[in-house]
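**Student:**
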Amino acid sequence: MTLFLQLLVEGLVIGSIYSLVALGYTMVYGIIELINFAHGDIFMMGTLVSLFMVTNVFHLTDVSKMSLGGMLVMLVVTCLASIVICALLGVLIERIAYRPLRNAPRLAPLISAIGVSLALEDIAKAIIGPNPVAAPYLVPLVHYSIGSVDITNTDIIVLVVALVLMVGLQWLVTSTRIGRAMRAVAQDREAAALMGVNVDRVIAITFLIGAGIAGAGGFVFLLSTNNTVFNIGFELGLFAFTAAVLGGIGNLVGAMLGGLVIGLIRALVTYIPDRDLPFGLPHGGVAWQDAVVFAILILILVFRPTGLLGQQLAEKV
Amino acid sequence: MLVPSQILPQTGETRRLLLKWVIAFLVPVLVFTLVWSGEAILNAALLAIFFPGSFSIAAIAAGLFMLLFYGIITGLTGYLVAADSGRQSLLDLWISMFFFTVVPILLIYITANLFVGLAASVVVWAFYYYGRRLVRRFRPPAPLPPLPSLKVLDAEMRATLLTRARLGSFWFALSFSLIWLLVDLLFYFTGQYGQASLVFLVWILLRSVLLPVAGWLLGSLGGLVAIRHAVPANGNGSNGDRAGAPVSTRRLRLLSATRAREEARDLVPNDLPLRSTGARNFYLLLLLALLVFYPMIDPFLFGPGTDSRLDNYGNAGYYVILALGLNIVVGFAGLLDLGYVAFFVIGAYTWAMVGSPQLTVLTGIHINPDIWPWLFWPMLIVAALIAALWGVLLGAPTLRLRGDYLAIVTLGFGEIIPIVVQNLDKYTNGTNGLTGIYSPAFFGVHWNVSTSEPYYYLILVLIAIVLLANLRLRDSRIGRAWIAMREDEIAAAASGINLTRTKLLAFAAGAFFSGIAGAYYAAKLSTVTSGNFSFSDSVIYLAMVVLGGLGSIPGVVVGALAVYAVNVLVLPQLDALGNDPSSIIYPIYTHILQVIPNFSFSNIRNLIFGIILVVLMIFRPEGLIPSTRRRHELHHTEAEGVEITSLDTPPGAPGFESEMRVE
Amino acid sequence: AGTTTGTSTSTTQGSTIIKVATDFPVSGADAGIGKSTENGAHLAVDEANANHVIPGYTLQFDPQDDVGASGVHDPTKGANNMKALVGDALVAGVVGPLNSNVAQAEMPIANQAPLAMISPANTNPCLTKEGADVGCTGANDLVPKLRPTGKVTYFRVAATDDHQGPAMADYLYNTLHLRTAYVIDDTETYGAGLAKYFVQEWTKLGGTVVDGKSHSVKSTTSYLNLLTAAAASKPDVIYFGGNYSTGGQLIQQQMMTIPSLKNAVFAGGDGLTGSSDFYKQIVDSGGKAYMTVAAPDVSKIPAAQQFIKDYTAKYGDVGPYSAAAYDAMNILIQAIKTALTKTHTPKDSSDAAQAQVFRQAVIDALKTITYNGITGKISFDQNGDTTNKIFTVYQVANVNGQPDLEAKEVVTVQ
Amino acid sequence: MNEVMLQLEHVDTFYGPIQVLHDINLEVRRGEIVCLLGANAAGKTTTMKTIFGLVRPRRGRIIFDGQRIDNRPASDIVRLGLALVPEARRIFPRMTVLENLQMGAYTRTNKAEIEQDLDHVCQIFPRIKERLKQIAGTLSGGEQQMLAMARALMSRPRMMCMDEPSMGLSPLLVETVFETIVRIRSEGVTIFLVEQNASMALSLADRGYVLQTGKIVLSDTAANLLENDLVRQAYLGGS
Amino acid sequence: MTAEHEQAPQSTRQPLLELKKVTKHFGGLAAVQDVDLAIYPQEIVSIIGPNGAGKTTVFNLITGIYLATSGEIIFEGQPLKKASPHQVVQRGLARTFQNIRLFNNMTVLENVLVGEHLRLKASILDAVFRPPWVKQEEEEARRRAIELLSFFGQHLVDRQDEYVINLSYADRRRVEIARALASEPKLLLLDEPTAGMNEAETMEAVHYIRRLRDELHLTILLIEHKLMVTMGISDRIAVLDYGRKIAEGLPDEIRRDERVITAYLGKAATADRQTWQVALRPQPEGEANNHHE
Ligand SMILES: Nc1ncnc2c1ncn2[C@@H]1O[C@H](COP(=O)(O)OP(=O)(O)OP(=O)(O)O)[C@@H](O)[C@H]1O
Ligand SMILES: Nc1ncnc2c1ncn2[C@@H]1O[C@H](COP(=O)(O)OP(=O)(O)OP(=O)(O)O)[C@@H](O)[C@H]1O
Ligand SMILES: CC(C)C[C@H](N)C(=O)O
Ligand SMILES: [Mg+2]
Ligand SMILES: [Mg+2]
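Laid out in structure tokens, this is it:
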């Protein structure tokens, strides 16, 4: 039971990180219908920026020796730096690799997104090398025990940040002028232009925000897992994208939910016993976790073809 | 049937036109001859016959190829002279000649690898096209002569045309043979040919006479082909085949300008003769000759190392098959498949489990190792069928899904299969994979892991079969249904297309070809490991298809080859090249090393590849060789979208239950 | 007009260039161990050329990289490399590979050619041995697949995991007095095998193995779930069968974030060694980590001092298998020299017929060779295994102010 | 005469290699209703798109209210007080009707005025008022057409261009639409109208142009055009 | 309006298509409510009604694109049940769409060939191996497609290899009809076939719709807003409003129906505009007159 609850917490935390990345995916997808494969890598760049800030700018070695104020300054500045740099990176990528393809066939930007993703990974590899890099603790780790379950303050931070960002984004998209413009661009670019919307700018803003969130995600990731590696964005991105689809692509709440669901599945799969079929699986659940995630995903989509929360607009014929 | 009335006027102009074509062809041919001593290969073949001591099948085959090569070129000259009405301006002709013949030959020579050279040319072509588009935007090409001036070719005109064709290639062959003669005589008398005999001298003299005669004959042949394309026997001899169908001026006038031009290109080879159907046939012939004789001429062209080059081509081949298969799913049927690698895995493991000692380990069956390799042939089909079956199984749950929901399910499937293969290590040996997989057997062919030639021919045959199947599928009822479904599901259903069946067929057909590729791969490498198949592979296959041109069969083939060459052949070898003082990048490499001491291309390989992907997509968003359809689509980007025209629109807003029923 | 016409001047004299190849993972995540191993072999070739060990011939170093798209050693890439090497008639032999699963893919190809392979670091016993006593039966009965011709063409200078796993088990149980182990492996030939041998020995010694077996997980970016589950049984040691690049580094790192695993010992085989980043991570995180290497600690061997000097001057720090690779290459060169007394080299890289003869001669020479290397006196038994079986148990600690391996114990197997 | 609101001078427009508009010259004066007639594919919609910068003319000038607009983006042009009711309506299908109207007022910031205009528009189109909360994509064709007009009005344009506003509408609604057009004009909005329904359009327009395969072949007052033989034959379907 | 049609007492003949109390709800909205309708062989029946009345929805229900919430649709005496769109086509119904839905990146000929899909037999294996009969089948299909195109005059035949996106609106409408005809339907459903056409083009469309009935013996169900079309060619007219059928009858009856005037026709009907005259004027050509005695 303890283990179960502990895994539940674990799943929620990793799930929130998926959610953070998924939010950006879903947002960009919602506007230009592009699976922005580079998004996960922007997230990875966020972890790198954060890492660089704490180790090279703040020269952090042991956070417990820092004053509270100093720590807060460091956290805020690092987080902001990560957000700003990622946001700019996002805009830059849009400008270089996607904007020229605005009127191209649908899969062309997908391929250039893949190109960007490959390039970013190699750049990161050139910076931090091919192996995982450990980061110092950004906040003094505090363990809380609820019953026998161990929760850390970073776990809570991750959850809260994901939730806050989701609510904020949801508000932005549904209730603000720019949000409305984004949706208009998503639905009919030309008509949006006719309403006076500067389409290029709105798309750039979308990337700015999406990438900014990825930057925040990168920071939070580093804060909670204390390590990064050049291809972390690839795998996380894959699951985040999956989460976005699972939740109903284009739907922010869905992205959040999808992320949590995938995190939980991945964690709870540990419970599958190590036995040959049919009562367990060879090597036990952990070895199968990705397979189980995708199997469940497929099942869910079979019954809800547009994801958990995505609702399909019937086509008017 | 239609040739401008002013065709080949009997003036000095005519002679100039003729000269234009003769020189245009002389250049690439000379490049080929001088750069590779193509003629020397011919001579060697001759000597091989006359001097039994040096008899070598390879030399003779190579010589045979050279004969074919020059013969086809000569015929092509005749064809083009007949087909050209002088519309193609000299500059245009020269530029296209330069980019499409000289550049590839030089690049192949520089890179010392047929494949890499061609891939590099493809990249150059992309830029060329892009540049040409830019230029044409600002300086639109001069309009073609008005179409109504076309008229039906009469007997007299035919005769003129034929004479000109003959003359064209005769002059071509004559100038060519004179150059050869001069060089050979020079070499002969300066002793460069060593103790070459009198026979040799006789041969070069004889050849100098024979060549112009052959030119005359081949020119007539080319001219006849051109005329047959231009004029059906009785002026309206239609056999349902569009290339031969009659075209009326009226009809051409009715067509929009672009369409008319396309039409005219196919039907009347005098518009863009280099790209007419007839010329295309010559190119195809050339390509076929090259492919079949390639293993024999390779050592003559590139020197030692034929085996490893053939090995590369064998690998490139299965990528071509994979890309063709994926093209059915993505290009024709419009179903985004991000997990195509799964079927490849299935195909590979099918032969790997049956065609290796693993079968004995699992079932205890002992098969005579003499017979075992023969099992490859039936298993090739079985592997494909099993993959196709899985294609259907995967397709089934995805039927109600659209666009990216479909993509994610296929992606998931692509992830699940390797995991399953890996974790069922009792049967599949897990990550460590299966080794010792048998090579196929074939009458009298020495076939094992260290030979490449049989695999080269095997993949050629497989590609030929798959290509043919693809072409036929595309032009069939099924192919039309796929494309219709891609265009508009609802309209397709309302036209009587069973969406369920049609989608499943697309998945099955795509998977089928992937299964073939998989079985070939397992047999060729003799090893399969589960860790080697991942999402990135699916992505690479997709890149091949999109880069080549979605839905375009030639495009996809080129895309697969280009991506393979760049990503698998060139980029990983940059370091080796950089370290080789004789290579072109050596100075660059050493320079970089001075600045960045630990620099290694292998570390930035993906960076380079990524940049290439982005740049190519920006330059040619519709792919290297877009299908006519897609080419079209791009030019109509502002299609008059009415309501929600795309079925892939994301259902973002809260709204309604799904109403369109697709079971 | 050109040069191929005229009489062909084919002499019986072969090429004066002989290629000696290596195949190691020298880029990506494995570069730490792969590159240092390759350097060892490279040094041997450079020295042989400088000293004119084979007069009249030049040895050309032909290094291959078996890192695939995944960024770590890749059997398929290895197989492709081997096909390329086999196709080049001038290649006389290969030193490599590093990883057992790569070897598994390469061996049948080299065996059919035939082409000699000498691995400095492959430790999986089933590559060369059969039988229940070494645990190579059933699916692990590899030899018939790896050796389709039935003849030995593969040699190695590293000792095997059926001793490496137990060496660590003994050390942890008897010297450190640990009792409960949680075992993880990366599912690869090497990792899974090593874990299996560790588990066998550990149970035999009386220790507890959680769940009684190794947990196989292909490398991922997060082992948190697994480690959370592991933490529930409060193990003294987490033993990882695998490489630092296929999970080792992440497991150690993530282990440190789980309170009840913070004080557990992290241990594993030679796959964990070779990455200075990893050593630094371990020392920084304050964790305890032990690793074995299937080679002697050359820093203590007098005969190796010159090598260490030359190597350090040229490439920097000596890696765990640099010396072994140096020896392996020298053995190959020795064998080539012997072969040259029997037959001649192929004419050029297409001369497949003569290549076969020459390569066979090299293999024959290897079978009977005895070589006094810097790691000891090496010869090969009838399976191609070295007779010089030495292991070193290391702890990761600050050595001369640098995080590095600190030798704790040397185990010699008879 | 009133001052010129919109003027096209020697405009040539291409789609790729195909020239669709050939040397178009036309002008619309303040307070006028001008209609553009033409068969299918004559280039009427293309003219509209060219005015709004959705396709760029290769040659020629377009002047609105004294400013050149032929090289400005659509969003700028709209800000100058020009609005388009596009062909096939082009409402935002996954937004509510209300949000669509709000998008119409995108360039404006004064909330009170927007509210006021919203009421005004609802008054003109009572049907819209009923459906403010409905998702626009599920409206019927006619409802969408009304929405498109209402949306354009929300930007308080000085001049409104309409591309076939009566397409697919019931006779009753066609009446309404034309009545609305008159009404909008009476509120001071200049109107440039493209219509297939030539007799109707001409009956309420001041002047008209006839476009044939991309060239303007006739331009006259509406009354004269109604009597013109060519127009009668080609567009009114009879003698 | 032909004598034959008027004589045949509709109640005694079996209707080709019959809607019985068909209802469709979208969420809370009743788009179609309890609609009864019977169409007899070789009739031209029009459905008219204000925008949003549910006309297109009725088409979608008939052709299986939507499932009816309740009610029954009977074709040739057999209920259509839950037939999916392609099964409906197989039964002999074909339709066009209000917003033209052609396959834009296919040529005119290919579009029509897609319409013939159900008539062709070649399976995937046949397509690959292409035995002689398949070749023949393809040729035959092409010949027929061209024949169908020639129904609208040589003009479309000449443009058979043009991509449909390059066609004029009117031509696209024609191609869409040709595609529908290619499946050899018994009942043709046309959703606003003249939308976006000017008056001259509309007149022409009226002609060929009538010819479809007279020459190909099709039964036609038509949605149309233009009175010159509905009043001109319909044998009967059904009027929908808010999803309910509010009237049904001969064109003249409908024109005078008070409810229809207030809900749909507006002043136009009473104003008796010139267009009316045009529509009702007998056709000049002799051929057209034949159907008007
Ligand atoms: N995006 C496009 N690309 C290429 N050609 C186009 C494009 N849009 C329109 N055309 C062509 O331009 C010509 C004029 O089209 P346009 O839409 O302006 O006509 P229109 O007068 O509005 O016709 P309609 O009455 O059918 O609306 C047509 O031949 C059409 O095929
Ligand atoms: N898929 C759908 N989801 C929700 N509501 C729908 C859907 N399709 C149609 N409706 C609603 O049903 C009603 C009838 O629509 P329908 O398209 O049948 O009208 P119509 O009579 O064809 O009108 P028009 O003449 O304008 O084309 C409309 O109010 C519309 O909003
Ligand atoms: C150096 C180690 C990573 C190699 C390992 N001993 C193996 O056989 O795979
Ligand atoms: Mg228009
Ligand atoms: Mg309708």
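Protein chains in written order, with my numbering: chain L, 25 to 341; chain R, 421 to 1083; chain H, 127 to 540; chain A, 35 to 273; chain D, 60 to 352. In this text, a Cβ means the ideal position worked out from N, Cα and C, and glycines have one as well. Bear in mind that the values here come from a model prediction, so they are computed numbers and not experimental data.
Is Asn231/A near ligand 2, judged by its Cβ being under 7 angstroms from some heavy atom?
**Tutor:** Result no, Cβ not under 7 angstroms from ligand 2.
**Student:** Going by C-alpha distance, which of Ala174/H, Ala218/H, Val179/H is nearest Thr471/H?
**Tutor:** Ranking the options by Cα distance to Thr471/H, first place goes to Ala218/H.
**Student:** Quick check on Phe763/R: buried or exposed, where buried means 16 or more other Cβ atoms within 10 Å of its Cβ?
**Tutor:** Phe763/R should be labelled buried.
**Student:** Residue range of the beta strand (DSSP E) that Phe281/H falls in?
**Tutor:** Where Phe281/H is concerned, the enclosing beta strand (DSSP E) stretches over 280-282.
**Student:** Have a look at Ile41/L, Val33/L, Gly35/L and flag the residue whose alpha-carbon is nearest the alpha-carbon of Val185/L.
**Tutor:** Here the closest residue by C-alpha is Ile41/L.
**Student:** Could you give the residue range of the alpha helix (DSSP H) that holds His592/H?
**Tutor:** Residue 592/H lies beyond the stretch modelled for chain H, which goes from 127 to 540, so this question has no answer here.
**Student:** Run through DSSP, which three-state label would Leu755/R get?
**Tutor:** In this structure, Leu755/R counts as coil in the three-state DSSP scheme.
**Student:** Just the C-alpha distance for Leu305/L and Val309/H, rounded to the nearest angstrom, thanks.
**Tutor:** Taking the straight line from one Cα to the other gives about 18 angstroms.
**Student:** Starting from Arg900/R, find everything on chain D with Cβ-Cβ shorter than 8 angstroms and list it in chain order.
**Tutor:** Here the neighbours are Met165, Glu169, Leu172, Val173, His176.
**Student:** Just checking my contact of Leu240/D with Ile279/D at CB under 8 angstroms: how many whole Å lie between their CB atoms?
**Tutor:** The pair is not a contact, with the Cβ atoms about 11 angstroms apart (cut-off 8 angstroms).
**Student:** Is Asp396/H a contact residue of ligand 6, with contact defined as CB to any heavy atom under 7 angstroms?
**Tutor:** Of the ligands one can find in the structure shown, namely ligand 1, ligand 2, ligand 3, ligand 4 and ligand 5, none is ligand 6.
**Student:** Determine the DSSP secondary structure at Gln378/H, reduced to helix, strand or coil.
**Tutor:** If DSSP states are grouped into helix, strand and coil, Gln378/H belongs with the helices.
**Student:** How about Thr71/L: is its C-beta nearer than 8 angstroms to some C-beta of chain R?
**Tutor:** Cβ-Cβ to chain R under 8 angstroms: no for Thr71/L.
**Student:** Please report whether the beta-carbon of Thr347/H lies at a distance below 8 angstroms from any beta-carbon of chain L.
**Tutor:** Cβ-Cβ to chain L under 8 angstroms: yes for Thr347/H.
**Student:** Could you tell me whether any Cβ in chain L is nearer than 8 angstroms to the Cβ of Phe86/A?
**Tutor:** Yes, its Cβ sits closer than 8 angstroms to a Cβ of chain L.
**Student:** Indicate the three-state DSSP secondary structure (helix, strand or coil) for Tyr228/D in the structure shown.
**Tutor:** Of the three classes helix, strand and coil, the one that applies to Tyr228/D here is helix, per DSSP.
**Student:** Should the stretch 516-529 of chain H be regarded as contacting the stretch 402-418 of chain H, the criterion being three or more beta carbon pairs within less than 8 angstroms?
**Tutor:** Yes, the stretch 516-529 of chain H touches the stretch 402-418 of chain H.
**Student:** Between which two residues does the alpha helix (DSSP H) containing Val310/L stretch?
**Tutor:** Segment 308-311, the alpha helix (DSSP H) holding Val310/L.
**Student:** At which residue ranges does the stretch 1012-1055 of chain R contain complete beta strand (DSSP E) runs of 3 or more residues, listed in the order of the chain?
**Tutor:** Runs of the beta strand (DSSP E) inside the stretch 1012-1055 of chain R: none found.
**Student:** For Glu314/H, which of helix, strand or coil comes out of DSSP?
**Tutor:** Residue state, collapsed to three classes: coil.
**Student:** Helix, strand or coil for Ala239/D? Go by DSSP, reduced to three states.
**Tutor:** DSSP places Ala239/D in helix when its eight states are reduced to three.
**Student:** Quick check: is the beta carbon of Glu118/L nearer than 8 angstroms to any beta carbon in chain R?
**Tutor:** It does not; no Cβ of chain R falls within 8 angstroms.
**Student:** Can you pull the chain D residues whose beta carbon is under 7 angstroms from the beta carbon of Leu925/R, in chain order?
**Tutor:** Within chain D, the residues near Leu925/R are Ile183.
**Student:** So is the beta-carbon of Asn110/D under 7 angstroms away from any non-hydrogen atom of ligand 2?
**Tutor:** True, at least one ligand heavy atom lies under 7 angstroms from that Cβ.
**Student:** What residues in its chain sit with their C-beta under 6 angstroms from that of Lys463/H, if we drop five residues either side in the sequence?
**Tutor:** Same-chain partners within the cutoff: Ile180.
**Student:** Looking at chain R, which residues of the stretch 247-276 of chain H have a Cβ within less than 8 angstroms of any of its Cβ atoms?
**Tutor:** Per Cβ criterion, the list reads Gly264, Ala265, Asp267, Leu268, Pro270, Lys271, Leu272, Pro274.
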